[in-house]
Amino acid sequence: MSDEDALIKKLLDKLDYLSKEDKNQIRNAIYYIIEKHKNQFRKSGEPYYIHPIESAIILA
96 MSDEDALIKK
106 LLDKLDYLSK
116 EDKNQIRNAI
126 YYIIEKHKNQ
136 FRKSGEPYYI
146 HPIESAIILA
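In this text, residue positions in the sequence shown follow the working numbering: the first is 96, and each later residue adds one.
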């Protein structure tokens, strides 16, 4: 399992209250974001998309 997959699983595990279709839509949106921002990095060197996904995990 890749780091991205593990992060997505962590988020989706917190979203048990959503339907399977809603969770699939979120998964697809995250993969889209990862693809579109794959060459963007934060000053720390961390991929750009990590922070928004981790924020979503906290808010879930």
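All C-beta atoms, glycine included, are put in the ideal place defined by N, C-alpha and C.
Check: Given a cut-off of 8 Å on the beta-carbon distance, is the pair I145 and K105 in contact?; Outcome: no
Check: Which same chain residues, not among the five before or five after K138, have their C-beta less than 8 Å away from its C-beta?; Outcome: none
Check: Between which two residues does the alpha helix (DSSP H) holding S97 run?; Outcome: From DSSP, S97 is part of no alpha helix (DSSP H); its letter is neither H nor E.
Check: Looking only at DSSP bridge pairs, what is P142 linked to?; Outcome: F136
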